[in-house]
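Novice:
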Amino acid sequence: MPADLRQSPLHDRHVALGAKFAEFGGWSMPVEYPGEQGGVLKEHAAVREAVGIFDVSHLGKALVAGPGAAAYVNATLTNDLRRIAPGQAQYTLCCDEETGGIVDDLIVYYRDDEHVLLVPNAANTAEVVRRLAAQAPDGVTVTDHHRDYAVLAVQGPRSDEVLTAVGLPVGHDYMAFEEAEFEGVGVVVCRTGYTGERGYELIAVNGVAGALWDRLVAAGAELGLLPCGLGARDTLRTEMGYPLHGQDISPETTPNQGRLGWAVGWDKETFWGKEAIVAEREAGPRRVLRGIVATGRGIPRPHMQVSLTEHVPVGEVTSGTFSPTLKKGIGLALVSTSVDPQAEVGVDVRGRREIFQLTKPPFVQPSVREA
45 MPADLRQSPL HDRHVALGAK FAEFGGWSMP VEYPGEQGGV LKEHAAVREA
95 VGIFDVSHLG KALVAGPGAA AYVNATLTND LRRIAPGQAQ YTLCCDEETG
145 GIVDDLIVYY RDDEHVLLVP NAANTAEVVR RLAAQAPDGV TVTDHHRDYA
195 VLAVQGPRSD EVLTAVGLPV GHDYMAFEEA EFEGVGVVVC RTGYTGERGY
245 ELIAVNGVAG ALWDRLVAAG AELGLLPCGL GARDTLRTEM GYPLHGQDIS
295 PETTPNQGRL GWAVGWDKET FWGKEAIVAE REAGPRRVLR GIVATGRGIP
345 RPHMQVSLTE HVPVGEVTSG TFSPTLKKGI GLALVSTSVD PQAEVGVDVR
395 GRREIFQLTK PPFVQPSVRE A
């Protein structure tokens, strides 16, 4: 891997566990933890059945602060902050002003009208910060804290037990967050995640990240907790049909094409890209993101061609994997809107035409919102 990749403040913990690493968004991040208890399939199962812990410190962290900070964020990003209250988080999109293409999808933490924390994707943080800073009104600052904070995700049906054991708050509503303390240092505890399971994401300063990781791992030892890498994170999120920026959505796709209209405040006066996005919505997008499920043994992978017949291409796979839960191939694909959303299609899997059923994700019933 390139020598100049960023490293998580927990990198030494991953090395000690024998993790396999890969480049992701400019960072060296653990893909899986080999051994008797590790590996993608076992890590995936731990999250679905018990609890797993992920280091996702590569995610961006940026603070928009000052008088009118929340109003500014609401006037630029797609979702409507008026739908939530301080102490809640929201999924939203940063779109290009001219084309409406998705520059990034991110989580907004609405602290109060003068403090909004953004958590963008690793590779897009600098661009999101640049765009917001360039148009920020007087008195509003946009500060990149990418290198200052760690993010840990504790995911699975026993996640509450793990957090309780280390004295962190649990039980708040889905997409709500609380400010807590760990060893005298502030930690943001948000009921969210990228797996479809009940869980939490914790944002803490780098200096306390190692101790927090160690305590969480120790507390979960008797509950079936496993450290999990980005490999399991990918299979888990694909089973939910959650899009990955840079694969399923990108500056070349719009919210309409990505089936993300639910994250758009259509009644807002303004947000970046509104004119183009509304016009496309009214006309109808030429392609949309759909789920695909194998009827046979084929495993889809990104960039594989999707066709109605061998000679009529209608789209391309954007994400694909073997579903450990369903024991079959699943994926996401950008497919022409001329195709019946429940049609059978062919996917070119290494020169073989495998049959897949178009469907609407999720592929596995989520429990993320369970009380």
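First residue of the sequence shown? That's 45 in the working numbering, and the numbers climb one at a time after it. For every residue, glycine included, the Cβ atom is placed at its ideal position computed from N, Cα and C. Only a predicted model underlies this, so the values are computations on that prediction, with no experimental measurement involved.
(1) Output needed for V393: all residues of its chain with C-beta closer than 6 Å, excluding positions within five of it in sequence on either side, in chain order.
(2) Nearest to L402 by alpha carbon, out of E296, V379 and V84?
(3) Among the residues of its own chain, which have a CB less than 6 Å from the CB of V84, if the five just before and after it don't count?
(4) In three-state terms, what does DSSP make of W316?
(5) Does DSSP classify W71 as helix, strand or coil?
(6) My output table needs one value for H355: the three-state DSSP class, helix, strand or coil.
(7) For the candidate residues H55, G145 and S52, whose alpha-carbon lies nearest to that of G305?
(8) Compare the C-alpha of E313 against each of L54, K105, N123 and R50 and name the closest.
(9) With distances taken between CB atoms, is the gap from V195 to L260 smaller than 8 Å?
(10) For the segment 136-155 against the segment 284-300, do three or more pairs of beta-carbon atoms, one drawn from each stretch, fall closer than 8 Å, so that the two count as touching?
(11) Quick one: what does DSSP say V206 is sitting in, helix, strand or coil?
(12) Could you name the residues of the same chain whose beta carbon sits closer than 7 Å to that of V70, not counting the 5 residues immediately before and after it, in chain order?
(13) Taking buried to mean at least 16 other C-beta atoms within 10 Å of its own C-beta, is R191 buried or exposed?
(14) Which word fits L161, buried or exposed, when buried means at least 16 other C-beta atoms lie within 10 angstroms of its C-beta?
(15) Would you report the Cα separation of A63 and Q199, rounded to the nearest angstrom?
(16) Does the count of Cβ pairs from the segment 86-98 and the segment 120-139 closer than 8 Å reach three?
(17) Could you say if the segment 170-188 and the segment 217-235 meet the contact criterion of at least three C-beta pairs nearer than 8 Å?
(18) Mind listing, in chain order, the continuous beta strand (DSSP E) runs of no fewer than 3 residues lying wholly within the segment 238-276?
(19) Should P329 go down as buried or exposed, given a rule of 16 or more other Cβ atoms within 10 Å for buried?
(20) Note down the Cα distance separating S72 from I151, rounded to an integer number of angstroms.
(21) Could you tell me whether the segment 199-208 touches the segment 94-110, where touching means 3 or more Cβ pairs closer than 8 Å?
(22) Which same chain residues, not among the five before or five after L176, have their C-beta less than 7 Å away from its C-beta?
(23) Quick one, are the C-beta atoms of A248 and Y286 less than 8 Å apart?
(24) Using 10 angstroms around the beta-carbon of T339, count the other beta-carbons present and answer buried if the total reaches 16, otherwise exposed.
(25) How should I399 be labelled, buried or exposed, when 16 other C-beta atoms within 10 angstroms of its C-beta is the threshold for buried?
(26) For R331, collect the residues of the same chain with a Cβ closer than 8 Å to its Cβ; drop the 5 residues on either side in sequence, then sort them by chain order.
(27) Starting from the Cα of E245, find the closest Cα among V391, L267, V214 and A255 and give me that residue.
(28) Hey, out of S351, P368 and L288, whose CA is closest to V383's CA?
(29) DSSP three-state label for K86, please.
(30) When the Cα of I374 is compared with those of G309, E414, R281 and V322, which residue comes out closest?
Specialist: To lay it out plainly:
(1) Along the sequence shown, read from residue 1 onward, the residue named residue 393 stands at position 349. Only G342 meet the Cβ criterion.
(2) The residue labelled residue 402 in the question sits at position 358 within the sequence shown. Nearest option by C-alpha distance: V379.
(3) Taking the sequence shown and counting its residues from 1, one reaches residue 84 at position 40. Cβ neighbours of V84 beyond the five flanking positions: E76, G275 and A276.
(4) Translated into the one-based positions of the sequence shown, residue 316 becomes position 272. Per DSSP, reduced to three states, the secondary structure at W316 is coil, with no helix or strand assignment.
(5) Taking the first residue of the sequence shown as position 1, residue 71 is located at position 27. Note: W71 maps to strand in three-state DSSP.
(6) Within the sequence shown, numbered from 1, the residue matching residue 355 stands at position 311. H355 falls in the coil class under three-state DSSP.
(7) Reading the sequence shown from its first residue, position 261 is the one you call residue 305. Minimum Cα distance to G305 is reached at G145.
(8) Against the sequence shown, residue 313 aligns to sequence position 269. The shortest C-alpha separation from E313 is found at N123.
(9) For the purposes of this step, residue 195 is taken as residue 151 along the sequence shown, with counting starting at 1. For the purposes of this step, residue 260 is taken as residue 216 along the sequence shown, with counting starting at 1. No, these two residues do not count as a Cβ contact at 8 Å.
(10) Touching, per the Cβ criterion.
(11) Residue mapping note: residue 206 aligns to position 162 of the sequence shown, counting from 1. In this structure, V206 counts as helix in the three-state DSSP scheme.
(12) Here residue 70 corresponds to residue number 26 of the sequence shown, with the count starting at 1. Strictly speaking, residue 70 in this sequence is Gly, with Val absent from that position. Result list for G70: L49, R50, A166 and A167, in chain order.
(13) Here residue 191 refers to the residue found at position 147 of the sequence shown. So R191 counts as exposed.
(14) Numbered from 1 along the sequence shown, position 117 holds the residue referred to as residue 161. Counting Cβ neighbours within 10 Å, L161 comes out buried, since at least 16 surround it.
(15) Sequence index remark: in the sequence shown, residue 63 carries index 19 (1-based). Sequence index remark: in the sequence shown, residue 199 carries index 155 (1-based). If I take the Cα positions, the gap works out to 19 Å.
(16) no
(17) no
(18) Taking only runs of at least 3 residues, the beta strand (DSSP E) segments lying wholly in the segment 238-276 are 243-249 and 270-272.
(19) Working through the sequence shown from its first residue, we reach residue 329 at position 285. Burial call: buried.
(20) Counted from its first residue, the sequence shown places residue 72 at position 28. Counted from its first residue, the sequence shown places residue 151 at position 107. Distance between the alpha carbons of S72 and I151 is about 22 Å.
(21) yes
(22) Within the sequence shown, the letter at position 132 stands for residue 176. Counting only Cβ-Cβ distances below 7 Å, and skipping sequence neighbours, we find V108, T120 and V186.
(23) By one-based count along the sequence shown, residue 248 stands at place 204. By one-based count along the sequence shown, residue 286 stands at place 242. Against a cut-off of 8 Å, the Cβ pair of Y286 and A248 comes out as no contact.
(24) Here residue 339 is taken as the residue at index 295 of the sequence shown, counted from 1. Under this definition T339 is an exposed residue.
(25) Working through the sequence shown from its first residue, we reach residue 399 at position 355. Exposed is the call here.
(26) Indexing the sequence shown from 1 puts residue 331 at position 287. The answer, listed in chain order, is Q301, G359, L378, V379, S380 and T381.
(27) Here residue 245 corresponds to residue number 201 of the sequence shown, with the count starting at 1. Comparing alpha-carbon positions, the option among V391, L267, V214 and A255 lying closest to E245 turns out to be V214.
(28) Walking along the sequence shown from the start, residue 383 turns up at place 339. Of the listed residues, the one whose Cα sits closest to V383 is S351.
(29) Your numbering for residue 86 matches position 42 in the sequence shown. DSSP places K86 in helix when its eight states are reduced to three.
(30) Locating residue 374 in the sequence shown gives position 330, where the first residue counts as 1. Of the listed residues, the one whose Cα sits closest to I374 is R281.
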